[in-house]
Amino acid sequence: MSAYNSSIGDDRRAARQDSAAIDVLGELSVEIGAGLTKSQISAAMNLMRQGVNPSALAAITRELRREAQNNPQPQPHQYHNAQQ
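So the sequence shown is numbered by the numbering used here: it starts at 107 and just counts up by one.
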């Protein structure tokens, strides 16, 4: 097997492991009420792989959630057809 094929196999194995980890963490998030989607978990994992401090990431996430709660986005107006 060439080094290239070995690398592809390693990449696929890592992707499967990541997917399995994200699935487990997604279930855990639901069970503990963390409210993180699998997409958010994946993004957090990628940031931590790039060296972002997990505690800092958690603090930023909490702060963004607080801001979102205190400043809800306006809902778009729904217009009804007057000629129904």
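In this text, a Cβ means the ideal position worked out from N, Cα and C, and glycines have one as well. All values derive from a computational prediction rather than experimental measurement.
- The Cβ atoms of K144 and I128 lie closer than 8 Å to each other.
- Within the segment 107-150, the complete alpha helix (DSSP H) segments of 4 residues or longer fall at 109-138, listed in chain order.
- At least 8 Å separates the beta-carbon of P160 from that of M151.
- With contacts defined by Cβ atoms closer than 8 Å, I147 and G157 do not form a contacting pair.
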